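The structure appears below as structure tokens.
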Amino acid sequence: MFDINFIKNTFCLKEEIIEHKWSSEDCEELYSLFEQNRNIRPCLFSVETTNACNMTCEMCPRTTEMDRKIENMDKSIFKRISEQIFPHDRETYNSWIGFVENELGVHQEEISENHFYFFVSSRVITMHGFGEPVLDPYIQERVEIFSQKGIPTYFSCNPANIDLKKMESLFHSGLSYIKFSIDSLSDTKMKEIRGRNADFTAAYKKILQVLDVKEERNYSTDIVVCMIMLNIEQEKEAEDFLRLWEGKDVYAYIKSQDNQWYFQEQGSEKAKSHYEDQYCEFPWTSLSVMVDGTVVPCTQDFNCEMPMGHTNDSSLEEIWNSEMYRQFRMMHISGEFLPKYKCMERCDLKIVADFLS
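At the far end of the sequence shown sits residue 384, using this note's numbering, and the numbering has no gaps.
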């Protein structure tokens, strides 16, 4: 979930910034304009309920870079977070739909990477970070807590970890979306990409079984399947991937690769997502909470290198409006980051400063 009003209300300003109509001498004024549109109550983009994972995905920095303790989120931390989060109201979200269709040119009926971001990610709590959610023994209970508050939920799951009983339990708990990634139609290549537990044939069979369970029990959970484009050689395979799902009750799309700073094959595809030619808006639109309760500014901080605070010490609203966050937002505008911050060298997204003349 992110602050859809901020995106909408700063749209014209963003166009000016991207067109290089603002300079590095305007940092204070830009900061003030962003603050005028920033909600003092934060949106929670993601909560990492576990950082345990049994995969070794080559495109994920967790595989070789993450050195955090492996654990599941304490129930008291999760409860504290859930009590501070609320869904978008219907009127606000309806206005957002009109904005996305009319100004961004992304329509409700289409299925695409950008559609998923603007119509799904904008309103759900993403319940994965750098772990496999179904390995969290409390995941069903956590989904139900959000569901009872009317907050839609979503997470990504490796097909190798599909357990039909757990899937049914998650559907029953009210999980809104679950995504399965298949990055090759070859068993051998799948293992190369995701590790020895990955296998295309088994993954495809399991997903079909999940679809059967959903149909038989009439669950409302949306099943999403995607292929991450790691290189241009996948273009033909991507077409075959989409054909696999024709006539089936799934949301199937091709996704640009994240973390290209970490893993990028020669001849990699240029990202086609909306943010490729824009700047990062996470500092003003949402925060994320990691498994130990550390609050970080985005989903890419795999080692909690940019801690903004901790849920044991402060409320999310206090952290969101803190001096630490104020400095971080100004860093994105001025480009003057502290050495430990990964935004400049270990992130795919541009920052506001990149567009200032």
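Note that beta-carbon positions come from the ideal geometry of N, C-alpha and C, so glycine has one too.
Model, not experiment: these values are computed from the prediction.
Host alpha helix (DSSP H) of residue 214 (start-end) | By one-based count along the sequence shown, residue 214 stands at place 187. Here the alpha helix (DSSP H) through residue 214 covers 214-221.
On the DSSP bridge assignment, give the partners of residue 255 in chain order.
-> By one-based count along the sequence shown, residue 255 stands at place 228. Answer is 282, bridged to residue 255.
Collapsed DSSP secondary structure at residue 378 in the structure displayed | Counting from 1 along the sequence shown, the entry for residue 378 is found at position 351. Residue 378: coil per DSSP, three-state reduction.
Output yes or no for whether 8 Å exceeds the beta carbon distance between residue 158 and residue 79.
-> Along the sequence shown, one-based indexing puts residue 158 at 131. Along the sequence shown, one-based indexing puts residue 79 at 52. In contact: residue 158 and residue 79 (Cβ atoms closer than 8 Å).
Is there contact between the region 184-192 and the region 125-142, where contact requires at least three CB pairs shorter than 8 Å?
-> no
State yes or no: is the C-beta of residue 268 within less than 8 Å of the C-beta of residue 256?
-> On the sequence shown, position 241 is the one that residue 268 refers to. On the sequence shown, position 229 is the one that residue 256 refers to. For residue 268 and residue 256, no; Cβs fall outside 8 Å.
Going by the CB atoms, is the gap between residue 318 and residue 83 shorter than 8 Å?
-> As a first step, residue 83 is located in the sequence shown; it is residue number 56 there, counting from the start. As a first step, residue 318 is located in the sequence shown; it is residue number 291 there, counting from the start. Going by C-beta atoms, residue 83 is not nearer than 8 Å to residue 318.
Is there contact here, the region 110-120 with the region 162-177, by at least three beta-carbon pairs under 8 Å?
-> yes
Hey, residue 204 and residue 231 are a contact pair by Cβ (cut 8 Å); roughly how many whole angstroms apart?
-> For the purposes of this step, residue 204 is taken as the residue at position 177 of the sequence shown. For the purposes of this step, residue 231 is taken as the residue at position 204 of the sequence shown. Not confirmed; about 19 Å, so no contact.
Segment limits, alpha helix (DSSP H) that includes residue 165 = Numbered from its first residue, the sequence shown carries residue 165 at position 138. No alpha helix (DSSP H) contains residue 165, which DSSP labels as neither H nor E.
How many angstroms separate the CA atom of residue 292 from the CA atom of residue 284?
-> For the purposes of this step, residue 292 is taken as the residue at position 265 of the sequence shown. For the purposes of this step, residue 284 is taken as the residue at position 257 of the sequence shown. With a pLDDT of 45 at residue 292, under the threshold of 50, the predicted position of this residue should be treated as unreliable, though the coordinate-derived value follows. For residue 292 and residue 284, the distance between alpha carbons rounds to 11 Å.
Whose C-alpha, out of 73, 129, 28, is nearest the C-alpha of residue 328?
-> For this step, residue 328 is matched to residue 301 along the sequence shown. Taking only the C-alpha atoms, the option nearest residue 328 is 73.
Where do the N-terminal and C-terminal ends of the alpha helix (DSSP H) with residue 54 fall, by residue?
-> Within the sequence shown, the letter at position 27 stands for residue 54. Segment 54-64, the alpha helix (DSSP H) holding residue 54.
Could you give the C-beta distance for residue 28 and residue 152, rounded to a whole number, given that I count them as a contact under 8 Å?
-> By one-based count along the sequence shown, residue 28 stands at place 1. By one-based count along the sequence shown, residue 152 stands at place 125. 6 Å between Cβ atoms; contact.
In whole angstroms, what separates the C-alpha of residue 365 from that of residue 359?
-> Locating residue 365 in the sequence shown gives position 338, counting from the first residue. Locating residue 359 in the sequence shown gives position 332, counting from the first residue. Cα to Cα, residue 365 sits roughly 11 Å from residue 359.
Cα-Cα separation, residue 354 to residue 36 = For this step, residue 354 is matched to residue 327 along the sequence shown. For this step, residue 36 is matched to residue 9 along the sequence shown. Spanning the two alpha carbons is a distance of roughly 22 Å.
Counting Cβ pairs, one atom from each stretch, are 3 or more of them under 8 Å apart for the region 300-316 and the region 30-48?
-> yes
Where do the N-terminal and C-terminal ends of the alpha helix (DSSP H) with residue 355 fall, by residue?
-> Within the sequence shown, the letter at position 328 stands for residue 355. Its alpha helix (DSSP H) spans residues 350-361.
So is residue 167 buried or exposed if we call it buried at 16+ other beta carbons inside 10 Å?
-> Mapped onto the sequence shown, residue 167 falls at position 140. Its Cβ being crowded by 16 or more others within 10 Å, residue 167 is buried.
Residue 71 by DSSP, collapsed to three states: which one?
-> Within the sequence shown, the letter at position 44 stands for residue 71. Reduced to three states, the DSSP call for residue 71 is strand.
Which residues does DSSP pair with residue 207 in a beta bridge?
-> Position 180 of the sequence shown holds residue 207. DSSP, once it has assigned bridges, lists 184, 252 as partnering residue 207.
When you compare only the Cα positions, how much space is there between residue 116 and residue 68?
-> By 1-based counting over the sequence shown, the position of residue 116 is 89. By 1-based counting over the sequence shown, the position of residue 68 is 41. Between residue 116 and residue 68, the C-alpha separation is close to 14 Å.
According to DSSP, which residues form a beta bridge with residue 306?
-> The residue given as residue 306 occupies position 279 in the sequence shown. 377, per the DSSP bridge assignment.
So what does DSSP say about residue 323, is it helix, strand or coil?
-> Working through the sequence shown from its first residue, we reach residue 323 at position 296. Strand, per DSSP.
From this set, 155, 222, 342, which residue's C-alpha is nearest residue 104's C-alpha?
-> For the purposes of this step, residue 104 is taken as the residue at position 77 of the sequence shown. Ranking 155, 222, 342 by Cα distance to residue 104 puts 342 first.
Do residue 71 and residue 314 have their CB atoms nearer than 8 Å?
-> Taking the sequence shown and counting its residues from 1, one reaches residue 71 at position 44. Taking the sequence shown and counting its residues from 1, one reaches residue 314 at position 287. For residue 71 and residue 314, yes; Cβs fall inside 8 Å.
Where residue 51 falls, given that 16 or more other Cβ within 10 Å makes a residue buried = Counting from one through the sequence shown, the residue named residue 51 turns up at place 24. Residue 51 comes out exposed.
In three-state terms, what does DSSP make of residue 90?
-> Sequence index remark: in the sequence shown, residue 90 carries index 63 (1-based). Residue 90: helix per DSSP, three-state reduction.
Helix, strand or coil for residue 316, going by three-state DSSP, please let me know.
-> Here residue 316 is taken as the residue at index 289 of the sequence shown, counted from 1. Reduced to three states, the DSSP call for residue 316 is strand.
If residue 379 and residue 44 are in contact, beta carbons under 8 Å, what's the gap, nearest whole angstrom?
-> In the sequence shown, residue 379 corresponds to position 352, counting from 1. In the sequence shown, residue 44 corresponds to position 17, counting from 1. Indeed they touch by this definition, with Cβ atoms about 6 Å apart.
Own chain, CB closer than 6 Å to residue 277, minus 5 neighbours either side, in chain order | Position 250 of the sequence shown, counted from the start, is the residue given in the question as residue 277. Result list for residue 277: 250, 252, in chain order.
Identify, in the order they occur along the chain, each residue of the same chain with its Cβ nearer than 6 Å to the Cβ of residue 196, setting aside the five sequence neighbours on each side.
-> Working through the sequence shown from its first residue, we reach residue 196 at position 169. If we look at residue 196 and ignore the five residues flanking it on each side, its Cβ neighbours are 167.
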